[in-house]
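K.L.:
In full-length UniProt numbering, the protein residues as written are 1 to 355.
The structure's right below; bear with me while I get my questions together.
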């Protein structure tokens with residue numbers, strides 16, 4: 001029986017069907033997108049280790065992958081989860097006990113002579129901040145089952161990405177709608193972003209968080225461990241970062257009459273903590289990917305509201321991919337214009353010869 005559709009119509013319907021089905025799949029998995037993003041990030045982070053052990057030394061792939069999963073749980077997931085829960089707990093405490101923050105705001109107003117905002121606005125901001133932090137960071141109390149499912153799906157995906165690495169890479173090369181050169185550029189951009197915003201930035205943030213917490217502890221600021229944890233997360237934000245922690249701490253000490261402590265905190269922050277950030281970035285830039293701070297900052301603003309804490313990496317990655325694809329688009333247009341010009345010259349040359 002003859003099909004009623006022409007070949008062109010069949011192709012259009014095929015593409016439409018694929019888009020519709022893909023939309024349903026993405027919608028159904030949207031609640032677990034962070035698991036697949038996390039698996040991809042861990043794959044890029046641990047790929048050099050996997051290559052060194054499983055490919056070069058011929059260790060068993062399943063064993064190597066299992067060891068990498070155990071390592072990531074012990075060294076990455078558990079400490080990060082502990083820090084997140086500590087931060088959420090304290091933010092929720094301050095959102096429910098706003099009198100402490102109100103007293104600090106009042107002292108800051110007395111020091112500067114300017115009214116920052118009304119007490120009612122500060123209370124509302126604190127409550128909203130506590131609620132937002134609970135949604136942004138992983139919380140066992142808020143959704144233990146979802147967290148376990150996402151974590152399990154992430155490691156399950158990561159396991160097969162490594163164990164079936166050849167098939168995974170071949171599938172990407174086959175189905176991605178880009179030329180090999182473009183795929184290579186996107187892969188390099190992915191590696192640079194993950195290295196810069198996961199390995200490099202996590203290292204810089206850890207050093208800054210430890211220095212901030214130690215500085216506040218030395219100068220007698222209460223809850224130094226908590227504020228050091230806050231500084232660790234804030235350090236992911238370029239330019240602003242840790243000054244949002246040690247700056248107010250120093251000003252509060254000054255407002256309370258603790259002049260030496262306040263000046264000490266501000267001097268250490270300006271001279272040591274800020275400059276250690278610049279020094280480490282220079283040292284790590286060549287080895288871990290040199291990403292422009294503006295791309296990182298704009299990417300964080302874009303990614304965190306959509307992807308949560310993974311937006312610290314995914315946001316800058318999306319912007320980097322956009323920049324790469326725009327460069328590819330520009331290059332291909334220039335190449336096409338060049339080919340058209342060459343073809344036009346050939347036609348004109350043939351016309352001249354015929355005359």
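Beta carbons: idealized from backbone N, C-alpha and C, even for Gly.
#1: Under three-state DSSP, which class holds residue 157?
#2: Residue 344 by DSSP, collapsed to three states: which one?
#3: Would DSSP call residue 16 helix, strand or coil?
#4: Between the alpha carbons of residue 11 and residue 174, how many angstroms are there, rounded?
#5: Residues in its own chain within less than 7 Å of residue 324 by CB, not counting five upstream and five downstream?
#6: Measuring only the C-alpha atoms, how far is residue 140 from residue 147?
#7: At the level of alpha carbons, what is the spacing between residue 8 and residue 33?
#8: DSSP on residue 43, reduced to helix/strand/coil?
#9: Write down the C-beta distance between residue 234 and residue 228 rounded to the nearest angstrom, noting that I regard them as a contact closer than 8 Å.
#10: Express the C-alpha separation of residue 82 and residue 299 in angstroms, rounding to a whole number.
#11: Using CA atoms only, rank isn't needed, just tell me which of 38, 349, 61 is closest to residue 73.
#12: Where residue 210 and residue 226 are concerned, what is the direct C-alpha to C-alpha distance, given to the nearest angstrom?
#13: Could you tell me how far apart the beta carbons of residue 161 and residue 168 are, in whole angstroms, since I believe they sit closer than 8 Å?
#14: So, with DSSP's three-state summary, where would you put residue 72?
#15: Going by alpha carbons, who is nearest to residue 220 out of 253, 163, 195?
#16: Please tell me whether residue 246 and residue 265 are closer than 8 Å, where the distance is taken between their beta carbons.
#17: Which of helix, strand or coil does DSSP assign to residue 219?
#18: Under the rule that 16 or more other beta-carbon atoms within 10 Å means buried, what is residue 23, buried or exposed?
#19: Classify residue 192: buried if its beta carbon has 16 or more other beta carbons within 10 angstroms, exposed otherwise.
#20: Compute the Euclidean distance between the alpha carbons of residue 55 and residue 43, then round it to the nearest angstrom.
#21: Can you tell which of 263, 6, 41, 21 has the C-alpha that lies nearest to the C-alpha of residue 157?
#22: Out of curiosity, what's the CA-to-CA distance linking residue 267 and residue 45?
#23: Can you have a look at residue 340 and say buried or exposed, based on whether 16 or more other CB atoms are within 10 angstroms of its CB?
#24: Taking the continuous alpha helix (DSSP H) assigned at residue 230, which residues delimit it?
#25: Cα separation between residue 35 and residue 171?
#26: What does the Cβ neighbour count give for residue 259, buried or exposed, with the cut at 16 atoms within 10 Å?
#27: Please tell me whether residue 231 and residue 256 are closer than 8 Å, where the distance is taken between their beta carbons.
#28: When DSSP labels each residue in this structure, what does residue 212 get in the three-state scheme?
#29: Determine the DSSP secondary structure at residue 59, reduced to helix, strand or coil.
#30: Cα-Cα, which of 62, 206, 178, 303 is closest to residue 76?
#31: Alpha carbon to alpha carbon, how far is residue 236 from residue 176? Give it in angstroms, no decimals.
#32: Residue 80 and residue 64 look like a contact to me (Cβ under 8 Å); what is the Cβ gap, rounded to whole Å?
#33: Contact defined as beta carbons within less than 8 Å: I believe residue 359 pairs with residue 303. What is the distance between those atoms, to the nearest angstrom?
#34: Check whether chain C comes within 8 Å of residue 245, counting only Cβ atoms and requiring the distance to be less than that.
#35: Let me know if residue 305 comes out buried or exposed under the rule of 16 or more other beta-carbons within 10 Å of its beta-carbon.
P.N.:
With the given structure in hand:
#1: helix
#2: helix
#3: helix
#4: 19 Å
#5: 185, 186, 189
#6: Note that residue 140 scores 44 on pLDDT, short of 50, meaning its location in the model is unreliable; the coordinates nonetheless yield the value given after this. Their backbone Cα atoms lie some 7 Å apart in a straight line.
#7: Rounded to the nearest angstrom, the two C-alpha atoms are 34 Å apart.
#8: helix
#9: Not really, about 10 Å apart at Cβ, beyond 8 Å.
#10: 25 Å
#11: 38
#12: Near 11 Å, if we compare the C-alpha coordinates of residue 226 and residue 210.
#13: 5 Å
#14: helix
#15: 253
#16: yes
#17: coil
#18: It is exposed - the Cβ of residue 23 has fewer than 16 other Cβ atoms within 10 Å.
#19: buried
#20: 15 Å
#21: 41
#22: 36 Å
#23: exposed
#24: 224-234
#25: If you take the alpha carbons of residue 35 and residue 171, they lie about 20 Å apart.
#26: exposed
#27: no
#28: Residue state, collapsed to three classes: helix.
#29: coil
#30: Closest in alpha carbon position to residue 76, among 62, 206, 178, 303, is 206.
#31: A straight-line Cα-Cα distance of about 31 Å links residue 176 and residue 236.
#32: About 23 Å separates the two Cβ atoms, so there is no contact after all.
#33: Here the chain covers residues 1 to 355 and nothing more, so residue 359 does not appear.
#34: Among the chains of the structure shown, chain C does not appear; only one protein chain is present.
#35: Exposed, because fewer than 16 other Cβ atoms sit within 10 Å of the Cβ of residue 305.
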